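Chains as they are written, first to last, in my numbering: chain A, 782 to 1114; chain B, 782 to 1114; chain C, 782 to 1114; chain D, 782 to 1114.
Virtual Cβ for every residue (Gly too), placed ideally from N, Cα, C.
Note that the structure is a prediction, hence the values are computed from the model and not measured.
4 protein chains.
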Amino acid sequence: MRFFSDNAAPVCQPVLDAMLAANTLDTAYDGDRWSKALDGAMSDLFETQVACLWVPTGTAANALALAAMVPPHGATICHAEAHIQVDECGAPEFFTHGAKLLLVEGHGAKLTPAALAETLGGIRDDVHQVQPHAVSITNATEYGRVYTPVEVAAIAEVIRPRRLGLHMDGARFANAVAHLGCSPAEVTWRAGVDALSFGFVKNGGMGAEALVFFKPELAAATRYRRKRAGHFLSKGRFLAAQILAMLEGDVWLDNARAANAGAQLLAQAAGERLVQPVEANEVFLRLTADEAAGLRAQGFDFYDWGVGEARLVTAWDQGAEIVAPLAQAIAAL
Amino acid sequence: MRFFSDNAAPVCQPVLDAMLAANTLDTAYDGDRWSKALDGAMSDLFETQVACLWVPTGTAANALALAAMVPPHGATICHAEAHIQVDECGAPEFFTHGAKLLLVEGHGAKLTPAALAETLGGIRDDVHQVQPHAVSITNATEYGRVYTPVEVAAIAEVIRPRRLGLHMDGARFANAVAHLGCSPAEVTWRAGVDALSFGFVKNGGMGAEALVFFKPELAAATRYRRKRAGHFLSKGRFLAAQILAMLEGDVWLDNARAANAGAQLLAQAAGERLVQPVEANEVFLRLTADEAAGLRAQGFDFYDWGVGEARLVTAWDQGAEIVAPLAQAIAAL
Amino acid sequence: MRFFSDNAAPVCQPVLDAMLAANTLDTAYDGDRWSKALDGAMSDLFETQVACLWVPTGTAANALALAAMVPPHGATICHAEAHIQVDECGAPEFFTHGAKLLLVEGHGAKLTPAALAETLGGIRDDVHQVQPHAVSITNATEYGRVYTPVEVAAIAEVIRPRRLGLHMDGARFANAVAHLGCSPAEVTWRAGVDALSFGFVKNGGMGAEALVFFKPELAAATRYRRKRAGHFLSKGRFLAAQILAMLEGDVWLDNARAANAGAQLLAQAAGERLVQPVEANEVFLRLTADEAAGLRAQGFDFYDWGVGEARLVTAWDQGAEIVAPLAQAIAAL
Amino acid sequence: MRFFSDNAAPVCQPVLDAMLAANTLDTAYDGDRWSKALDGAMSDLFETQVACLWVPTGTAANALALAAMVPPHGATICHAEAHIQVDECGAPEFFTHGAKLLLVEGHGAKLTPAALAETLGGIRDDVHQVQPHAVSITNATEYGRVYTPVEVAAIAEVIRPRRLGLHMDGARFANAVAHLGCSPAEVTWRAGVDALSFGFVKNGGMGAEALVFFKPELAAATRYRRKRAGHFLSKGRFLAAQILAMLEGDVWLDNARAANAGAQLLAQAAGERLVQPVEANEVFLRLTADEAAGLRAQGFDFYDWGVGEARLVTAWDQGAEIVAPLAQAIAAL
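Listed below in structure tokens is the structure:
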């Protein structure tokens, strides 16, 4: 059983159905009716006028979002363990043409307003240093932690005087919203977020993510950058259809709730072993090499996380019932 | 009826079937068995050891190929009407970090050895001028013209003394091979091609193209560049499956033959109106504004091409029978 | 005797004197009083508020100017033989992060409003094509031709509706103004120029050029780009001092007048041989290989210009008297 | 009296004399006899065949050196307080097209082999992470600390198995060598250094630094990059002349010894106040706000360094005698 990544999960049926339905004659690129429906569907979901672009990967969404806010001679502030820093092979630097990532530490891969303020305070306002133009936070974080609307707003408050943009890497945005029980608007633009990488691939999609601009004017140049980066698929209707299928009937929320529920079951079994509170669909726990080997011998596949720790990830198709065997195996350690 | 672009055609059934079949649990990125099978399948097809990377778009394939051969301070020589110059919003410049495209004229968007030699001769070998590191040709060209193996070899001959790389944009490679009736090897590496963007999307695929390196060592850095550019899809198995499905049983050739046959029927109907010989699946013909309006009134959709000309493109699903009504309408003009 | 380039000429005495005078204790970078005086001195010269940055080379000035106006996914329109296209090893592409140069033909390396309008008309307003954001003209041109204020204004008129920036490469701006007899303002901002690379090195300076922004707000980001490009010299006072010395007492104009006068003498001697009207300090003339060899045997050094033509360049230290021997030698051919 | 930066010091007489002597007719760019003599002079100094390029700034030298060793999808490991990270406005990212700087902590801005090994060990060898291609160390460091040949060799030892390049930022290389009393070869290529930014501007030069490649083959592409970056001055003879003048008769060493001696006198006066051992020409000491104000009231100018500390920098013209008043003032605190 797979617990190493939600990236490896299958595609859910509504997405497959929508793709098959999209296989009818239509115009190329984003001239089709599915692509044209995206802005409206996302604006409805977020209760405000947004501009939404489909892209095939979260890396593309993140890097395009940053490029829309940060000039080549600028910088983005993010956590030292942010996906954009450690897992995208320099995509932000590629798309922004070399803007720096300025790194901040913090438990659970979360930025705190205090740490952010300290970093900002250490940057001289002269031409010898790159000046920050944006902050990027991940929600849920790389450690499965969730920023509340209040926490996001506190970060926005710190950067407002310097007019920095605020980007949210939402590769697991659905898991965060499912955990929070708030509206998508509450934890994004109402809290100060300017651009969201809204992930679907980890949550049952196949190859489509939504880049949502809450300041729609940021989208204009991004449309050129998307094409220039080779991310403007000629049969874009198949990407738009995926996203629309996920939004319809709240498939995105249902899928995330299932994954979160699976993680909660594992968390209960892990008890004192937990390294991080479990708020989304990732469980970090202490596990000796022997214990890890034991679980693997029972057919459970997952990543070690440094020495003596492990990471378990549940996906949309791994609700509480499905993960019960692993929960029992952990409890039995 | 659609004749404006093969980009807008539907996805063929073998590709859809393969995608559905790939929707089983497997590892992420390119660790799955479909992705792992690509090198072998392509090496078989090309009768030599190649390295093959899937990417979602032809623009990504082209730009990555050039980045593998041309440093930022170098240049690629291509036709003035090459897709990489006029239709990719500067993707080659983005991926190569600013390498120039040096443009050469030529009928039918074809480079001739003579024109190429003249361009090379005009470049001073000093640090004030960017030095060419590669030549890119499109086969079939943007005007539906086909380079024969002999013609490709003649170009390779011109650039060999300067050790330039040779890239082939094969967005319609299948149509070219179908026209030539030669082996894929003959018109590529045996004629001197180092890297091929092997297109499937215009030919019945959904969102997968193959970047084929005949010098496999060029692939190593490209794997990083692909990730960095956001083109390393986490569910890459769905891209690999598309390509494998197209290769199996020569679907790629059958589809291209159908499209070519449709174009031939239109060519016969167009007769003296033809502006270019029809060798692949594009037909360029003289058409007055009134004639164009007349065809459109009958439900045929296509692009004007400058003043007094038009472009008709047939796709894999538009064989001779399907295009017969348009052929008759043209003949009746 | 040197006629191959004004780049090779010595540095004039006022510049040397000013540099020696600047060798006193002062602050670093551009905090010194010479650097601080630049904006004022240039604003006086141009009769309007400008922002002026020193840089060590014309290539840096040109590339920074374009980077201030053109995004990476945009383009600059220039002449096919513009220095920025053929002699800067891709500096514009480096500084703009890959923005294209779209090339226009024209006699004497001059852009005409008609050719410019035709180029603009051929660019589709969609995301597949890079959109022009600026035009760059060289005054005096690479063929020693001069744009009049009326000609510059006509170009500005063409691009105004599309809000393109207008850059003037003034490596030989002094020679152009000396020829025109107009005010510097007249042929720049009053005619629609937004940024000028004001050259001093070819005209008696050592290693300092002025990048003059007539829209001072363009300078803000450029200050970061200058540092980032390694062009923010810590002893910048020696660059500022050079420029101020050239402005003081109109040394820049006197030097240019001398060079132009030398060129005029050569032009008179060349008579029917001239390929281009001589308006600045460059003379292009027909010369057989034997004739060229003959002149070289007499000690005159210059460049061949293709087959059967040659280029003679006079510098600030080569007024009419100095060039008389060459003029006589040409007349005697 | 200036103690805030050696950048602000005047130019020494031998450099001025050499520049005046270079003001004779010669060819442009690096075709002159001074530029041509650089390789030989540096090869003599370093007792091995090197390739040497002049550039106007240390930032350009550093960034070009890194671009010669690190691809855009790679990384350079350096200290978190390295000049290339905190004081060059992203020049390394600009010249390498976005390669990351991976930061390591260490006292006195020195990298230790252990810290380096730990950083290397934490980088997964997969396409999701940028792979290090070079290490950059500063000698003397930003805190006036000096790497010995043994220390440099220990760093080289760590990175040899991964074939990383080793760059030395030698903005104050002269001060380091003067302190070490070793040969320039010993602390560079013999210890494993591949490229050196050899600084002269802080040490009595005007605007010329030497980029020295101990692997001369690295210079070839760099010559194009230098031009492309606008750093190929047309009157390059004035840069070459500066460097040659500094080398002749060991002016570079004499100047550095004087600056170091000045710093030693200050160090003795500072005694227990010292925060760092004084090994070059920088003195970091504890100083209360009142004490700092007191010194400034006596006419001594310097930078605060965080809270309760200050940085004093001596220059080539500030030997022991010149700095005696400040030493006395410190002792009297």
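Query	Result
Residue of C:V927, C:A972 and C:E932 minimising C-alpha distance to C:A959	C:V927
CB contact below 8 Å: C:G871 versus chain B	yes
Three-way DSSP call (helix, strand, coil) for C:P913 in this model	strand
Residue range of the unbroken beta strand (DSSP E) whose run includes C:V1094	E1090 to V1094
Cβ neighbour criterion (16 or more within 10 Å) applied to B:E899	exposed
Inter-stretch contact at 8 Å, needing at least 3 Cβ pairs: the region 880 to 899 of chain A / the region 1014 to 1022 of chain A	no
Members of the region 836 to 855 of chain A that neighbour chain B once the beta carbon cut-off is set at 9 Å	V836, P837, T838, G839, T840, A841, A842, N843, A844 and L845
When B:G855, B:A989 and B:L1076 are compared against B:V911, the one with the closest alpha-carbon	B:G855
Residues near B:Q1079 in its chain [Cβ-Cβ closer than 7 Å; skip 5 each side]	A1110
Close beta carbons around C:M800, own chain, < 6 Å, minus the five adjacent residues each side	F1019 and A1022
Contacting residues, own chain, Cβ-Cβ under 6 Å from C:V916 (five flanking each side not counted)	I858, I940, L945 and L947
Contact with chain A by C:F979, beta-carbon distance below 8 Å	no
Proximal chain E residues relative to A:T1003, where beta-carbon distance stays under 9 Å	Among the chains of the structure shown, chain E does not appear; the protein chains present are A, B, C and D.
CB contact below 8 Å: B:T805 versus chain A	yes
Contact check, C:A876 vs C:R1006, beta carbons under 8 Å	For clarity, residue 876 of chain C is Phe in the given sequence; the question names Ala instead. Yes. Within cutoff.
Neighbour flag for D:M1027 against chain C, beta carbons, 8 Å	no
Contained alpha helix (DSSP H) runs [length at least 4] in the region 822 to 857 of chain D, N- to C-terminal order	839 to 850
Touching by the beta-carbon criterion (3+ pairs, under 8 Å), the region 782 to 793 of chain C and the region 1046 to 1057 of chain B	no
Opposing strand residues paired with C:M949 [DSSP bridges]	C:I918 and C:L977
Within-8 Å CB hit, A:H1012 to chain C	no
8 Å Cβ shell around A:G1030 - same chain, five flanking residues per side excluded	P795
Minimum Cβ-Cβ distance from B:D787 to chain C less than 8 Å	no
B:R1092 beta carbon less than 8 Å from that of B:E1063	yes
Rounded separation between D:L1068 and D:G1087 - CA only	10 Å
Meets three-Cβ-pair contact criterion under 8 Å: the region 931 to 940 of chain A and the region 1039 to 1048 of chain A	no
Local Cβ density within 10 Å of D:P1106, reported as buried at 16 or more and exposed below that	exposed
Boundaries of the beta strand (DSSP E) in which C:R1067 is found, first to last residue	E1063 to R1067
Straight-line Cα distance separating B:V974 from B:F1065	28 Å
Alpha carbon of D:V851 to alpha carbon of D:P913, nearest angstrom	8 Å
Residue(s) in a DSSP beta bridge with D:A991	D:W835 and D:F979
DSSP three-state assignment for C:V1059, whether helix, strand or coil	coil
For D:A803, the nearest candidate out of D:C793, D:P791, D:S816 and D:V792 (CA to CA)	D:S816
CB contact below 8 Å: B:V1104 versus chain A	no
C:R1077 Cβ short of 7 Å to the ligand GDP heavy atom set	The model depicted lacks the ligand GDP and carries no ligand whatsoever.
B:V968, DSSP secondary structure in three states	coil
Under the three-state DSSP convention, the category B:Y810 falls into	coil
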